[in-house]
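Chemist: FYI, the numbering for the sequence shown is -25 to -1, 1 to 232, going by mature numbering (1 follows the signal peptide of the UniProt record, and there is no 0). We put the beta carbon where it would ideally sit given N, CA and C, even for glycine.
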Amino acid sequence: MQHIHKLTFLLISLLIISCGPKKTAAEKKADETKVNVIKQNLATTPSFKTLQGRLKGSYDDGDDSQSISVSIRIEKDKSIWLSAKLAGIISLAKVLVTPNRVQFYEKINGSYFDGDFSLLSKWLGTDLDFNKVQNLLIGQPIYELKAKDYEISSTQRGYQLSSIEKATIAKSFLIDLLSFKTKAQQLNRPEENQGVTITYDDYFGEESYGMPKNITIIANQASGTTKINIDYRSLEFNEPVTFPFEIPSGYEEIVIE
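1. Run through the DSSP bridge pairs and tell me what F79 is partnered with.
2. Applying the 10 Å Cβ sphere with the 16-neighbour rule, what's the burial state of G69?
3. Can you tell me the Cα-Cα spacing of L71 and V12, whole angstroms?
4. In three-state terms, what does DSSP make of N106?
5. Quick one: Cα of S33 to Cα of T200, how far?
6. First and last residue of the alpha helix (DSSP H) that includes K97?
7. Please confirm whether I43 and L67 have their CB atoms less than 9 Å apart.
8. Let's see if you can read the secondary structure: which residues bound the beta strand (DSSP E) around Q161?
9. Does K14 pass the burial test, meaning 16 or more other C-beta atoms within 10 Å, or should it be called exposed?
10. Less than 9 Å separating the beta-carbons of Y125 and S137?
11. Return yes when the Cβ of T20 is within less than 9 Å of the Cβ of E50, no when it is not.
12. On the three-state DSSP scale, how would you describe L111?
13. Ignore the nearest five residues each way along the sequence and tell me which others in A159's own chain have a CB closer than 6 Å to its CB.
14. Just grab the DSSP bridge partners of P187 for me.
15. With DSSP as the reference, identify every bridge partner of Y207, one or two as the case may be.
16. Please report the residue range of the beta strand (DSSP E) in which S22 lies.
17. Checking 9 Å against the spacing of the C-beta atoms, do I203 and T191 come in under that value?
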């Protein structure tokens, strides 16, 4: 009797599967393309252990604009350190980001922040963590790409991966047709009138681990639009790096409300 029950269950299962919706040849081809694009994009991830170099950064929120010289150091998956100077001479600020902590101080107003990723998330209008910040800086999607979560389309601009279902955050990623590097990523929170678009204009060659040359970040919020440009000027890899950081005494703490 148990064997009959098992056989009946098996037959019903097979009938359910066989009667379910079947994908067309075009849909199967799209799925194969999507899996390959995601795999190839992941393979472009820079594989260095440490990075140090300089970049030029600019900031414009409509009311204030600033251009600064920044030294950057990264120990992959462990630490990101930034030291900003005005005109390459006047020390302005330092930032140290680790997987569980964000520390920051700036000298003009004598203020500092020591806490989680809430301050960075507020500035860009999207939830951030260490991996997302690191991926942003090295030219990779800040959200993990899983084939089941995205639809794919192909245009002259590249492969477009767009989130399938309506979610709190609508995600879209543009992948280069030939190199499979990330050309752009866009995150939107329609209900909160927030969105951020990140574009990568060009990349270095293999000698610099395929790092991006230029990054443009445009963050839109109800209060206005902020534009940040990052231009890497010189990069060295796999050399010993240190992360000197100490918040000066007497500085006022930045509190996130």
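Modeler: Looking at the atomic coordinates:
1. Bridge partners of F79 according to DSSP: V70, F88.
2. It is Lys, not Gly, that sits at residue 69 in the sequence shown. So K69 counts as buried.
3. Looking at the two C-alpha atoms, the distance is approximately 33 Å.
4. Note: N106 maps to helix in three-state DSSP.
5. Those two C-alpha atoms are separated by around 14 Å.
6. Segment 93 to 99, the alpha helix (DSSP H) holding K97.
7. Result yes, Cβ atoms of I43 and L67 sit closer than 9 Å.
8. Bounds of the beta strand (DSSP E) holding Q161 are 157 to 164.
9. By the Cβ-count criterion, K14 is exposed, with fewer than 16 other Cβ atoms from all chains shown falling within 10 Å of its own Cβ.
10. Yes; because the gap between Cβ atoms is below 9 Å, this pair is in contact.
11. Cβ atoms of E50 and T20: not closer than 9 Å.
12. The three-state reading of DSSP puts L111 in helix, counting H, G and I together.
13. Within the same chain, A159 has close Cβ partners L149, T174.
14. Beta-bridge partners of P187 (DSSP): Y178.
15. Answer by DSSP bridge pairing, in chain order: L30.
16. Looking at the DSSP string, S22 is not in any beta strand (DSSP E), and its letter there is neither H nor E.
17. For I203 and T191, yes; Cβs fall inside 9 Å.
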